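**Q** Residue numbers (the numbering used here): 552 to 767.
A virtual CB, placed ideally from N, CA and C, is assigned to each residue, including glycine.
Note that the structure is a prediction, hence the values are computed from the model and not measured.
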Ligand SMILES: [Zn+2]
């Protein structure tokens with residue numbers, strides 16, 4: 552989901568994307584061969600889907616429609632909060648479920664959070680001092696500094712650069728006239744956001760129909 556200023560702010564399910572577009576809260580963003588970005592309201596997107604079908608389609612009794620990958624929120628201009636909250640989940644996200652000592656990827660259930668400098672030696676519970684660690688490495692390190700255990704981190708832990716997603720809510724439905732396929736002139740200005748979207752789309756999916764948009 553992009554906000555009104557074409558900045559990536561959130562992820563949503565395909566169902567929610569359709570609902571937002573159908574209600575006129577959002578438009579679908581597509582790009583043509585010349586890399587111009589087009590926006591579509593529901594009818595325009597349905598026509599576009601008929602003209603240019605792809606494998607991910609939703610079928611109804613009378614027509615098929617493409618699943619939108621990027622939608623533009625028409626009345627929302629906030630940005631996600633700048634700080635990523637320090638949570639267990641977010642440390643796993645930052646470290647990509649990878650033990651920061653042996654470099655192997657594990658299921659989250661097989662990972663611990665390790666204080667690089669142990670707590671009883673003044674180590675803080677911060678982005679800079681907490682990393683993912685597999686149980687074997689965690690046990691081996693024990694209550695020691697990495698160098699004391701002859702272990703080293705695969706990378707220096709720091710606060711992640713990505714932003715948390717914002718929760719987008721709309722109070723009352725607002726009517727929007729049909730805009731059709733608008734071509735925005737300042738394509739260069741918003742391309743960075745869409746590039747971010749493309750990169751983030753390769754991250755693991757959330758649920759079957761969900762897609763993620765990273766930012767920051
Ligand atoms: Zn390990």
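Grouping DSSP H, G and I as helix and E and B as strand, with all else coil, what is residue 683?
**A** On the chain shown, position 132 is the one that residue 683 refers to. Three-state DSSP puts residue 683 in a strand.
**Q** How many Å lie between residue 613 and residue 557 at the Cα?
**A** Taking the chain shown and counting its residues from 1, one reaches residue 613 at position 62. Taking the chain shown and counting its residues from 1, one reaches residue 557 at position 6. Using only the alpha carbons, I get a separation of about 33 Å.
**Q** Rounded to the nearest angstrom, how far is the Cβ of residue 588 from that of residue 595, given a contact under 8 Å?
**A** Indexing the chain shown from 1 puts residue 588 at position 37. Indexing the chain shown from 1 puts residue 595 at position 44. The C-beta separation of residue 588 from residue 595 comes to about 14 Å, leaving the pair out of contact by the 8 Å criterion.
**Q** Does the beta-carbon of residue 608 have 16 or more other beta-carbons within 10 angstroms, so that it is buried, or is it exposed?
**A** Position 57 of the chain shown, counted from the first residue, corresponds to residue 608. Exposed.
**Q** From the DSSP output, in three-state form, read off residue 640 for me.
**A** The residue you call residue 640 lines up with position 89 of the chain shown. Helix, per DSSP.
**Q** Suppose you measure from the CA of residue 656 to the CA of residue 681; what does that come to, to the nearest Å?
**A** Working through the chain shown from its first residue, we reach residue 656 at position 105. Working through the chain shown from its first residue, we reach residue 681 at position 130. Each residue's Cα considered, the two are about 17 Å apart.
**Q** Mind listing, in chain order, the residues whose beta carbon lies closer than 5 Å to a non-hydrogen atom of ligand 1?
**A** 650, 652, 653, 685 and 688
**Q** Please report how far the alpha carbon of residue 562 lies from the alpha carbon of residue 586, in whole angstroms.
**A** Position 11 of the chain shown, counted from the start, is the residue given in the question as residue 562. Position 35 of the chain shown, counted from the start, is the residue given in the question as residue 586. Straight-line Cα distance between these residues: approximately 23 Å.
**Q** State the DSSP-derived secondary structure class of residue 598, mapped to helix, strand or coil.
**A** Translated into positions along the chain shown, residue 598 becomes position 47. Helix, per DSSP.
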